[in-house]
Structure formats: structure tokens, C-alpha cells
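**Student:** Everything in the sequence shown is counted per the UniProt record's numbering, starting at 1 for the first residue and increasing by one.
Backbone N, C-alpha and C define an ideal beta-carbon position, used for all residues, glycine too.
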Amino acid sequence: MANIDILGNSHGLQAETIKIVTHISSGLAPLKELEPYIAPQALDDSAERSDAPKCFPETRVALQGDLYSWMQHGDAGNPNNMKWVTGPAGTGKTAVMGSLTERCKKDRFPVASFFFSSTGSIGRRTKTAFVTTIAYQLAQHRQDLKDAIAAAIEADAIVFTKNLNVQMEKLILAPLYDIATGPRLQGVIIVDGLDECGAEQSRGFGATGSTGTPLPSRTKEDDQLEILQVLHKASLTPTFPFRIIVASRPEYVFREFFNPPGPTIFFAPRLDLHEDYHAEADITLYLNSHFSQIRRRCTLSPSWPPTGTIATLVKNASGQFIYATTIIRFLDMGRTASPQVLLDAILVMKSTSHQQIDALYSHILESSGNAEHSVRWIRAIDQLNRGVDSGEAGRVFENLHSLIRIPPSDNHTTPYAFYHKTLLDFLIDKRRCLALHVERAEISTLIWESFVRVCTKGSADTGNPYSTDFLDFLFNLKIGEASAAGLLISWVPEGIGLSKHASPPPATVDWWVSTAVAREGTGQLLDMFRAVHQFRSTIVQSCPVTRPLIEWSTAIGGE
Numbered sequence: 001m002a003n004i005d006i007l008g009n010s011h012g013l014q015a016e017t018i019k020i021v022t023h024i025s026s027g028l029a030p031l032k033e034l035e036p037y038i039a040p041q042a043l044d045d046s047a048e049r050s051d052a053p054k055c056f057p058e059t060r061v062a063l064q065g066d067l068y069s070w071m072q073h074g075d076a077g078n079p080n081n082m083k084w085v086t087g088p089a090g091t092g093k094t095a096v097m098g099s100l101t102e103r104c105k106k107d108r109f110p111v112a113s114f115f116f117s118s119t120g121s122i123g124r125r126t127k128t129a130f131v132t133t134i135a136y137q138l139a140q141h142r143q144d145l146k147d148a149i150a151a152a153i154e155a156d157a158i159v160f161t162k163n164l165n166v167q168m169e170k171l172i173l174a175p176l177y178d179i180a181t182g183p184r185l186q187g188v189i190i191v192d193g194l195d196e197c198g199a200e201q202s203r204g205f206g207a208t209g210s211t212g213t214p215l216p217s218r219t220k221e222d223d224q225l226e227i228l229q230v231l232h233k234a235s236l237t238p239t240f241p242f243r244i245i246v247a248s249r250p251e252y253v254f255r256e257f258f259n260p261p262g263p264t265i266f267f268a269p270r271l272d273l274h275e276d277y278h279a280e281a282d283i284t285l286y287l288n289s290h291f292s293q294i295r296r297r298c299t300l301s302p303s304w305p306p307t308g309t310i311a312t313l314v315k316n317a318s319g320q321f322i323y324a325t326t327i328i329r330f331l332d333m334g335r336t337a338s339p340q341v342l343l344d345a346i347l348v349m350k351s352t353s354h355q356q357i358d359a360l361y362s363h364i365l366e367s368s369g370n371a372e373h374s375v376r377w378i379r380a381i382d383q384l385n386r387g388v389d390s391g392e393a394g395r396v397f398e399n400l401h402s403l404i405r406i407p408p409s410d411n412h413t414t415p416y417a418f419y420h421k422t423l424l425d426f427l428i429d430k431r432r433c434l435a436l437h438v439e440r441a442e443i444s445t446l447i448w449e450s451f452v453r454v455c456t457k458g459s460a461d462t463g464n465p466y467s468t469d470f471l472d473f474l475f476n477l478k479i480g481e482a483s484a485a486g487l488l489i490s491w492v493p494e495g496i497g498l499s500k501h502a503s504p505p506p507a508t509v510d511w512w513v514s515t516a517v518a519r520e521g522t523g524q525l526l527d528m529f530r531a532v533h534q535f536r537s538t539i540v541q542s543c544p545v546t547r548p549l550i551e552w553s554t555a556i557g558g559e
């Protein structure tokens, strides 16, 4: 190659020795473009996770130590850069992952995390922002990596619309390759609760392919597998310097991926919190500490609780930390009865294994005053996928603080939240919750009745009877692409309608229509119009939602 003289009097400088850096200060603006596409609530220190569990001091010491050592040094003779942390519900996976992330930050060990949650905000429930959120965090650890990621965004402004594999390649793997000759980079990516990642139905309501045939819906397992495959590909890339920890329940998709049948070599070691680490000593330490606090606060006898109580509770927990933490929250309520009375109620429960947590949930719900109504509200809040600004919900949950995180009455922005997904698992499974089971039709009826009251009051009031926060909630409800009043419609594809005793639609929908237009433009009306007409063509006249559909269709502009 010919010599190129680009420095005046310099001689003998050849083109292949020149490295021109063009993005030294380009990181700020392009990374600003990245921010709208991340899920900030999925970060370990987000406001949404302010009450997230962490390991109790001096517990899970050996487990955390082993994982931290692997993150830094790997396994001797085993080059795998992925590890699967698993265990049944309630064994403390999220607490361990949260504590590990916190330790990494304290020790300045580069870490990027994503905490999925099926009951959290939308960004934590789907795969959409997974890669972008990881890339955003990695960019904070090294300026040269930040510049390289910024350059990738600048080169492909629509990279955020690409699939996860392309996003991983362009936003993480390619930038890491670009800085591979720089100082050695080491760190860890922690992914918690991947089993709670739901299906991303980005194709929209009634989406069809080029031939007009409906596109097949993706399942949550499809999206979970996609994330696993993207992470696996990254872990096999020579210039990828991070180890990866995936924490999940031992669901089928994870067992098949990490431990495939046949002679295939396992590419990622499994760590089972229930089988590999015995939690009895840690649960004992946790209960002893909290019982001491209750004893001092309530001025109980130094001999409380009676001899053998802690051992019995530890045995009943069967390695599930969620059992121990729920007991402590239940005893801390202390408003309905003394700690000893509440403790006696727990101790008389006769069941084994996971049935202990079921029995505990049943007792707390049945003690609430109106268990059936409480369960309806819990299921309704779960169905709406976010909190409810409702005075009635607050009254219903008054005695359920041990199960549900309830915001102060003057806080209209913080949603209701469940301490643990095992509560929903329990209530959804008729075989487990027995008499507490609520049919989905009852839930849809509760939502519809609440909506009828809202519209009726809005139509009758000459002013605006609702706060801005509540209207934000009301007009951002989405089930499929049906919104607000369309909640009742959303049950139709599954053959589930309203109760025969459900209230008729509000006398007028004018208030909803005018308020929707004022707050959201015509988008809400278009969504509802499309949903109503899609379903009207498939519903028989005897269906209990036919009349509401016709009235909404007419009010919005249909025939």
C-alpha cells in the first residue's frame, strides 16, 4: 500500500497504521435517543422496586459468596459464561439477585440488571426493552463503550424497532468488538424473574399477514426463549466479557433450554436454591430476629414465643422464605388481635410442603371480613395490570397489608402491588384456593360495574368529579386494543361474558367520548370502534354483552 502523507512533514506513515476516532464526544446525544426505549423500572434501584426483597443480613452468605466468586473468576476448567439460578416460588431468588446487584455496585464491579415482574409496569412484563435497558447500563461503565454504543445508534436510528437478536448485535456485541483492544473489561449481567416475562403482542388487534390471514399469536414461552437464545449467543462471543446469571422458576422452557434431553452437553450450570442450598438456618435467623423485634415492641414476655415455635415454623416453611416473610408481616399487623393469637392461628394449620403457604394465604384472606369480595378485587387489579385508585379497594384491603402493598390514602400515583406472585398463583388455581376461587366472569363484572359507576357519575356531574391521576388511569387502560369501557368486550374471544345480573351500560356514553377526545385525541375512539365492530360480527344475539356492544357501537359512530 502506498504511503499517505497527511501530517505535513511526517514521513513513512502508512494508512494501515492510522486509527481515526470520530466519536470521542458523541455519546451524550445518541444515548438520549436510547432513553425512551429502556425500562427504567426494571433496574434494581428503581422507584418501583423500592420495597423489593433483599437478603436479610447474615443470611444466604455461602450462596451469595459462591455466585460472587463465579462472577469474578468463573469455574475452574469450565468456560461457560452463563449460570441458571432456579428454585420453586418463594425460595428467595429475587432477594438473592437484588443483593448480588447491590454488592456489585458497592464493590464497583460492572453490573447490568433487569428484574422482570408479571405484576410490575409494562416495561417489566415484556421483552420489548430488554436489550436496550442492558445496553444503557453497560454504557455507564466505560466511556469508550458509551461512545461505541452511541455510534451504533447514530448509524442505525431505527435499531430500536429491530428484533432482539439485531439489537444485541448492534447495541452490545458490535460496540464491545470495537473496544476489544482497549483495557480489559469484566462484569456481569443479572436477569431475574424471566419466567414472569409475558408475551409481547406487538402485532396489534386483529393483525393479519400480507395474504390477509391472521398472524399467529406469540406465547410468553416464545419470548422467554428468544431472550435466552440472545443471551446464549452473546455468551459465546469471544469479545463478550460479561458473565450472565438468569434466575427463574424451573418452568419447562428453562429446563429444556438449560438441560436439553439427550447427549447434549449442558452449556450452563444450574444452581437450585431449594436443593443445593439448605435455607433452614437462614430462615431460623430471620425469624429469631423479627420475633425479638415484635417481643420488644409489644412488651411481651422474654420467653415469647414458646419453646419449639421457631423450629415448627422453619419446618413448615420447607425452604420457602416467602412463608417466613408473610408470617412476619401478618404478625406485624397487630390491629385485629395480639401477636400470640395470630401466631396460634398459624400454628394450628395442618398441611405440608407448599400447602403451608396456601393455608396461610387462606387464613389471612378469610380474616379480612369479606374474603370473596377481597379476592375479586385482587384478581381485578391483576387483570388491569396496574394499581387502582379506588376508595373501595382501600377499604376492602384494610386487613390485607401482609399480602398487598397498599399506598397511603393521599397517594394517588403509587399502585397497589402484591408482595409475591405466589398469591396470584394460589388464587388462580381452583384446586388450591378451593372456596376462595373466583370465576373470570365475576372479575369482568366487577370491572364493568366499576366502569358503569364512573361513567354515570361523570355524566351526571356538571363539573369534573375525578382527579387528573384517576383520569390518566382510566384512559390508559388497555386490554388487547380495547380501552376503558371495552374491558367487557375483552372477555368475549374466550367465551366469557358478564354476569346475567350485570348493570346495563350507562344511559349515555357522551361523557366518556368527550373526555377521551379531550385527553387522548381520537386514538381511544378508534381503538374502541375497531374492537366493537370486530366482535359484533362474531357474537350471537343471546350473548350477555350484545346489548352493551350495540349501544357503544352506536354512540361511537357505528350503526
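By Cβ distance below 8 Å, which residues in the same chain neighbour Val438 in space, the five residues on each side in sequence not counted?
**Tutor:** Residue mapping note: residue 438 aligns to position 438 of the sequence shown, counting from 1. The residues are Glu372, Val375, Arg376, Arg379, Leu427.
**Student:** Is Val85 closer than 8 Å to Leu273 when the C-beta atoms are compared?
**Tutor:** Within the sequence shown, residue 273 is the residue found at index 273, counting from 1. Within the sequence shown, residue 85 is the residue found at index 85, counting from 1. A contact, by the Cβ cut-off of 8 Å.
**Student:** Count the CB pairs spanning the region 108 to 126 and the region 38 to 51 that are closer than 8 Å, and state whether there are at least three.
**Tutor:** Touching, per the Cβ criterion.
**Student:** Closest by CA to Phe321, which one among His278, His363, Val348, Arg295?
**Tutor:** Stepping through the sequence shown from its first residue, residue 321 is reached at position 321. The candidate whose alpha carbon is nearest that of Phe321 is His278.
**Student:** Locate the alpha helix (DSSP H) running through Gly65, then write down its first and last residues.
**Tutor:** Your numbering for residue 65 matches position 65 in the sequence shown. Note, Gly65: alpha helix (DSSP H), 61 to 73.
**Student:** Using only alpha-carbon positions, find the residue among Leu145, Ile122, Asp66 that is nearest to Gly198.
**Tutor:** Taking the first residue of the sequence shown as position 1, residue 198 is located at position 198. Among Leu145, Ile122, Asp66, the Cα nearest to that of Gly198 is on Ile122.
**Student:** Name the DSSP bridge partner or partners of Thr132?
**Tutor:** Position 132 of the sequence shown, counted from the first residue, corresponds to residue 132. DSSP lists no partner for Thr132.
**Student:** Would you mind working out which of Ala129, Ile149, Leu145 sits nearest Asn163, comparing C-alpha positions?
**Tutor:** As a working note, residue 163 is residue 163 in the sequence shown. Answer by Cα proximity: Ala129.
**Student:** Is it the case that the CB of Gln143 approaches a heavy atom of the ligand SAM more closely than 7 Å?
**Tutor:** The ligand SAM is absent from the structure shown, which contains no ligand whatsoever.
**Student:** Provide the residue(s) that pair with Arg296 in DSSP beta bridges, ordered along the chain.
**Tutor:** Here the question's residue 296 lines up with position 296 in the sequence shown. None; Arg296 has no bridge partner.
**Student:** So Asn165 and Val230 are in contact, right, with Cβ under 8 Å, and what is the actual spacing, rounded?
**Tutor:** On the sequence shown, position 165 is the one that residue 165 refers to. On the sequence shown, position 230 is the one that residue 230 refers to. Yes, they are in contact, since the Cβ atoms of Asn165 and Val230 sit about 6 Å apart, within 8 Å.
**Student:** Hey, could you find the ends of the beta strand (DSSP E) Phe114 is sitting in?
**Tutor:** Along the sequence shown, one-based indexing puts residue 114 at 114. Where Phe114 is concerned, the enclosing beta strand (DSSP E) stretches over 111 to 115.
**Student:** Considering only the alpha carbon of each residue, which of Tyr466, Leu31, Arg49, Ser99 lies closest to Pro57?
**Tutor:** Position 57 of the sequence shown holds residue 57. Of the candidates Tyr466, Leu31, Arg49, Ser99, the one whose C-alpha sits nearest the C-alpha of Pro57 is Ser99.
**Student:** Using only the alpha-carbon positions, how far apart do Gly74 and Gly187 sit?
**Tutor:** Taking the sequence shown and counting its residues from 1, one reaches residue 74 at position 74. Taking the sequence shown and counting its residues from 1, one reaches residue 187 at position 187. Roughly 11 Å between the two C-alpha positions.
**Student:** Would the beta-carbon of residue 564 fall within 8 Å of that of Met97?
**Tutor:** The shown model of the chain, from 1 to 559, leaves out residue 564, and the question about it has no answer.
**Student:** Pick out whichever of Pro415, Ile404, Arg297 has its Cα sitting closest to the Cα of Thr422.
**Tutor:** Residue mapping note: residue 422 aligns to position 422 of the sequence shown, counting from 1. If we check each option's Cα against that of Thr422, Ile404 comes out closest.
**Student:** Please work out which residues of its chain come closer than 7 Å, Cβ to Cβ, to Ala174, disregarding the five sequence neighbours upstream and downstream, and give them in chain order.
**Tutor:** As a working mapping, residue 174 is identified with position 174 in the sequence shown. These residues qualify, in order along the chain: Ala152.
**Student:** Alpha carbons only, please: which of Ile346, Gln224, Thr284, Arg142 is nearest the one belonging to Glu256?
**Tutor:** In the sequence shown, counting from the first residue as 1, residue 256 sits at position 256. The option with the nearest alpha carbon to Glu256 is Gln224.
**Student:** What are the boundary residues of the beta strand (DSSP E) that Asp192 is part of?
**Tutor:** The sequence position of residue 192 within the sequence shown is 192, counting from 1. 187 to 192 is the extent of the beta strand (DSSP E) around Asp192.
**Student:** DSSP on Ala417, reduced to helix/strand/coil?
**Tutor:** Indexing the sequence shown from 1 puts residue 417 at position 417. Strand.
**Student:** So Thr422 is in the alpha helix (DSSP H); what residue range does that whole segment cover?
**Tutor:** For this step, residue 422 is matched to residue 422 along the sequence shown. Element bounds for Thr422: 422 to 428.
**Student:** Taking the alpha carbon of Arg249 as the reference point, which residue from Pro36, Ile179, Asp195, Val452 has its own alpha carbon closest?
**Tutor:** Residue mapping note: residue 249 aligns to position 249 of the sequence shown, counting from 1. The candidate whose alpha carbon is nearest that of Arg249 is Asp195.
**Student:** Where in the region 216 to 259 do unbroken runs of the beta strand (DSSP E), each at least 3 residues long, occur, reported from the N-terminal end onward?
**Tutor:** 242 to 248, all fully within the region 216 to 259.
**Student:** For Gly120, I'd like the list of residues in its chain whose CB is within less than 7 Å of its CB, leaving aside the five on either flank, ordered along the chain.
**Tutor:** Taking the sequence shown and counting its residues from 1, one reaches residue 120 at position 120. So the list reads Gln41, Glu48, once near-sequence residues are dropped.
**Student:** From the DSSP output, in three-state form, read off Ile404 for me.
**Tutor:** In the sequence shown, the residue the question calls residue 404 occupies position 404. Three-state result, Ile404: strand.
**Student:** Evaluate the contact criterion for the region 136 to 152 versus the region 444 to 458: three or more CB pairs, one atom per stretch, below 8 Å.
**Tutor:** Cβ pair count under 8 Å is below three, so no.
**Student:** Taking the DSSP output, what are the residues bridged to Met82?
**Tutor:** Translated into positions along the sequence shown, residue 82 becomes position 82. DSSP, once it has assigned bridges, lists Ile244 as partnering Met82.
**Student:** Tell me the DSSP secondary structure of Ala157 in three-state form.
**Tutor:** For the purposes of this step, residue 157 is taken as the residue at position 157 of the sequence shown. Three-state result, Ala157: coil.
**Student:** Using 8 Å as the Cβ pair cut-off and three pairs as the minimum, do the region 168 to 185 and the region 130 to 149 touch?
**Tutor:** Touching, yes, given that three or more Cβ pairs across the two stretches are closer than 8 Å.
**Student:** So which of Thr237, Cys104, Leu185 has the shortest CA-CA distance to Leu145?
**Tutor:** Along the sequence shown, read from residue 1 onward, the residue named residue 145 stands at position 145. With distances taken between Cα atoms, Leu145 lies closest to Leu185.
**Student:** Name the DSSP bridge partner or partners of Leu271?
**Tutor:** On the sequence shown, residue 271 is found 271 positions in, with the first residue counted as 1. Answer is Val85.
**Student:** Give a yes or no on whether the C-beta atoms belonging to Thr161 and Ile38 are separated by under 8 Å.
**Tutor:** Position 161 of the sequence shown holds residue 161. Position 38 of the sequence shown holds residue 38. Cβ atoms of Thr161 and Ile38: not closer than 8 Å.
**Student:** Roughly how many angstroms lie between the CA atoms of Arg243 and Glu442, to the nearest whole one?
**Tutor:** Numbered from 1 along the sequence shown, position 243 holds the residue referred to as residue 243. Numbered from 1 along the sequence shown, position 442 holds the residue referred to as residue 442. So the two alpha carbons sit approximately 47 Å from each other.
**Student:** Using the rule of at least 16 other Cβ atoms within 10 Å of the residue's Cβ for burial, across every protein chain shown, is Pro238 buried or exposed?
**Tutor:** On the sequence shown, position 238 is the one that residue 238 refers to. When all chains shown are included, Pro238 counts as exposed.
**Student:** Look at the alpha carbon of Leu271 and the alpha carbon of Gly369, and state the distance between them as a whole number of angstroms.
**Tutor:** Translated into positions along the sequence shown, residue 271 becomes position 271. Translated into positions along the sequence shown, residue 369 becomes position 369. Cα to Cα, Leu271 sits roughly 42 Å from Gly369.
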